[in-house]
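**Q** Convert by adding 175 to the 1-based position in the sequence shown; the result is the number in the working numbering. C-beta atoms are modelled at their ideal positions from N, C-alpha and C, and glycine is treated no differently. This one's a predicted model, so the numbers in the text were calculated from it and none came from an experiment.
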Amino acid sequence: MATAWAEIDQAAIGRNVRTLAELVAPAAVCAVVKADGYGHGAITVARAAVAAGAEWLAVAHVDEGEALRTAGIGVPILLLAEPEPVDFDRVARADLRVTLYSSVGIKAASQAATMANRTLKVHLKVDTGMRRVGAEPAEVPLLARQVVDSPGLELEAVWTHLAVADEPANQFTNQQLETYHAVLDVLAGEGIHPPLRHVANSAGALAHPAARLDLVRCGIAVYGIAPSTELESVVELCRALRLVARISHVKQVEAGAALSYGLRHTFSVDTTVATVAIGYADGIRRDSHLHGVEVLIGGERCPIVGTVTMDQLMVDCTPAVAAGAAVAVGDEAVLIGTQGQRTITAAEVAERLGTIPYEVVCGIGPRVPRRSR
Ligand SMILES: *Cc1c(COP(=O)(O)O)cnc(C)c1O
C-alpha cells in the first residue's frame, strides 16, 4: 500500500482534449506527453487523449516515444528535438516523426532510414525567435532541399515554437508568425510545400487563432492547467491530477517547542501536528513552509510547518481541529486537488513557490505511484 499517490482522472484528460479540438478545428490536436505526461503518467494520458480525438502525440526523447509504441499506441508520435545521430535507427524502428534542424542530422536520419528500409517523416524546425533549438530562417531553404533530396526522408512539416504566447498582448508572437510565414513563402517559391504547418503550444492554441494552422501541440492544457493566469478563462479545463498522502503520525506539540531539521519553526501555542508521508524526494519543495504552502486535512487548509524532509513533512492542523475534524493516522492529506469544499491547485502551489504549474506537476517524483481512474 502506497502512502502517497497521484490520482489521474482520465475523463478529465478526455474532456480537455475534446474542448481543445473543438476550439482549434479544423486544426488537429497533438497531445504533448513528454516528461511522463507532465508527471501524470504518459501512457495513461496518451490513451485517454487518443480515445478523445487527439490525432497526434509528442515527446521529447526517443525513449519516451518507444515506451508509447511498446504500450501499443499507434498514432503519429512527434519527437520535439533532433535526436543524437546514434539514435536514428531507433527512431526509424519505432516509426517516430522526427524533428530535424541540422545538415548532420538530416544525413544521419537518411542513412538510418535507408538501412532500416523505411521512410522517415521529417518535421523541419525553424527558430523564429525562441532561440532554443531550430534552424535559422535563412538556412531553411537549403535544409528543406536536403531533406527532399535525401533517400528515405519525406518532408512532412515545417514548424516553429512560440516564446511568449502565454502573454496574449505581447507582439513578439506576431513577429514570430511573420518570420515563419516568410520562410514558408520562400519554400513555396522553390516548389516545396510541406503538408503540415504547426506553431502553437497550449497558449498559442488558446490565445492566437492565427497560430493554430494545421496542428496544435498542447501539453499543459490537456492536463487541465492554464498556461498562465491570463489564459485561465479562454475555455473551461478540468484538472486531471490529485496528489494525496496519508497522515503517518499525529501529536500535540507544546507552546515553545520547535520541529524538523534545524528546528526552524517554533510554536507559540499548543498545536496538533500531523506528519504526512511525502517529502522532497517526491517533489514537494523543501522550503515549502517558508512560502505558505498549505495542505488539505479534514477539508481545511493547513500550513506546512518546518523544513520538508526527504520522505515526510509536518502540518499545523489548527484549522482542521477548529473545524471539528478528528485528525487521525491513516487520514488523507491532499497536496494538490480537492478535499471537501476546498481545492489547492498546482497553479496556487506554483504561485507561492515563485514558479509555474508545469514545474510543480513535472516534479512529482517517480516513487509516487500514479493511479488512473
Ligand atoms: C513542451 C512543448 C510543447 C507543449 O507546451 P505547453 O505549453 O505545455 O502546451 C509544445 N511544443 C514544444 C516544442 C514543446 O517543447
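Alanine 287 and alanine 313: beta carbons closer than 8 angstroms?
**A** Start at 1 with the first residue of the sequence shown, and residue 287 comes out as number 112. Start at 1 with the first residue of the sequence shown, and residue 313 comes out as number 138. No, the Cβ-Cβ distance between alanine 287 and alanine 313 is not below 8 angstroms.
**Q** How about the stretch 244-260 and the stretch 268-285: do they share at least three Cβ pairs that are nearer than 8 angstroms?
**A** Contact holds: three or more Cβ-Cβ distances are below 8 angstroms.
**Q** Hey, valine 361 and valine 322: beta-carbon distance below 8 angstroms or not?
**A** For the purposes of this step, residue 361 is identified with residue 186 of the sequence shown, where counting begins at 1. For the purposes of this step, residue 322 is identified with residue 147 of the sequence shown, where counting begins at 1. Cβ atoms of valine 361 and valine 322: not closer than 8 angstroms.
**Q** Report the partner residues of alanine 332 according to the DSSP bridge assignment.
**A** Taking the sequence shown and counting its residues from 1, one reaches residue 332 at position 157. Answer is His298, Leu371, bridged to alanine 332.
**Q** For my contact list, serine 423 and valine 504 are in at a C-beta cut-off of 8 angstroms; report their separation, rounded to the angstrom.
**A** Counted from its first residue, the sequence shown places residue 423 at position 248. Counted from its first residue, the sequence shown places residue 504 at position 329. The Cβ separation is near 6 angstroms, so the contact holds.
**Q** Apart from the five residues on each side of it in sequence, which residues of its chain come closer than 6 angstroms, Cβ to Cβ, to alanine 227?
**A** In the sequence shown, the residue the question calls residue 227 occupies position 52. Within the same chain, alanine 227 has close Cβ partners Gly189, Val192, Arg193.
**Q** Report the rounded CA-to-CA distance for arginine 417 versus threonine 482, giving the unit in angstroms.
**A** Within the sequence shown, the letter at position 242 stands for residue 417. Within the sequence shown, the letter at position 307 stands for residue 482. The alpha-carbon atoms of arginine 417 and threonine 482 are separated by roughly 23 angstroms.
**Q** Under DSSP, the beta strand (DSSP E) around histidine 464 begins and ends at which residues?
**A** The residue you call residue 464 lines up with position 289 of the sequence shown. It is not in any beta strand (DSSP E) - histidine 464 carries neither H nor E in the DSSP assignment.
**Q** Please report the Cβ distance between glutamine 351 and threonine 303, rounded to the nearest whole angstrom; I am assuming they are in contact, meaning their Cβ atoms lie under 8 angstroms.
**A** Here the question's residue 351 lines up with position 176 in the sequence shown. Here the question's residue 303 lines up with position 128 in the sequence shown. That pair is a contact at about 4 angstroms.
**Q** Output yes or no for whether 8 angstroms exceeds the beta carbon distance between alanine 203 and leucine 243.
**A** Locating residue 203 in the sequence shown gives position 28, counting from the first residue. Locating residue 243 in the sequence shown gives position 68, counting from the first residue. Cβ atoms of alanine 203 and leucine 243: not closer than 8 angstroms.
**Q** What span of residues does the alpha helix (DSSP H) with threonine 245 cover, start to end?
**A** In the sequence shown, the residue the question calls residue 245 occupies position 70. Taken as a continuous stretch (DSSP letters only), the alpha helix (DSSP H) holding threonine 245 covers 237-245.
**Q** Once DSSP output is grouped into helix, strand and coil, what is the label at glycine 364?
**A** For the purposes of this step, residue 364 is taken as residue 189 along the sequence shown, with counting starting at 1. In this structure, glycine 364 counts as helix in the three-state DSSP scheme.
**Q** Cβ of proline 384 versus every heavy atom of ligand 1: is any distance shorter than 7 angstroms?
**A** Reading the sequence shown from its first residue, position 209 is the one you call residue 384. Result no, Cβ not under 7 angstroms from ligand 1.
**Q** Just how far apart, CA to CA, sit alanine 522 and proline 532?
**A** Sequence index remark: in the sequence shown, residue 522 carries index 347 (1-based). Sequence index remark: in the sequence shown, residue 532 carries index 357 (1-based). So the two alpha carbons sit approximately 5 angstroms from each other.
**Q** With DSSP run on the structure shown, which of helix, strand or coil describes leucine 406?
**A** Position 231 of the sequence shown, counted from the first residue, corresponds to residue 406. If DSSP states are grouped into helix, strand and coil, leucine 406 belongs with the helices.
**Q** Measuring CB to CB, does histidine 368 end up less than 8 angstroms from leucine 390?
**A** Sequence index remark: in the sequence shown, residue 368 carries index 193 (1-based). Sequence index remark: in the sequence shown, residue 390 carries index 215 (1-based). Taking 8 angstroms as the Cβ cut-off, histidine 368 and leucine 390 do not qualify as a contacting pair.
**Q** Between the Cα of leucine 434 and those of Val419, Thr450, Arg421, spot the shortest distance and give me the residue it belongs to.
**A** Along the sequence shown, read from residue 1 onward, the residue named residue 434 stands at position 259. Checked all of Val419, Thr450, Arg421; the closest Cα to leucine 434 is Thr450.
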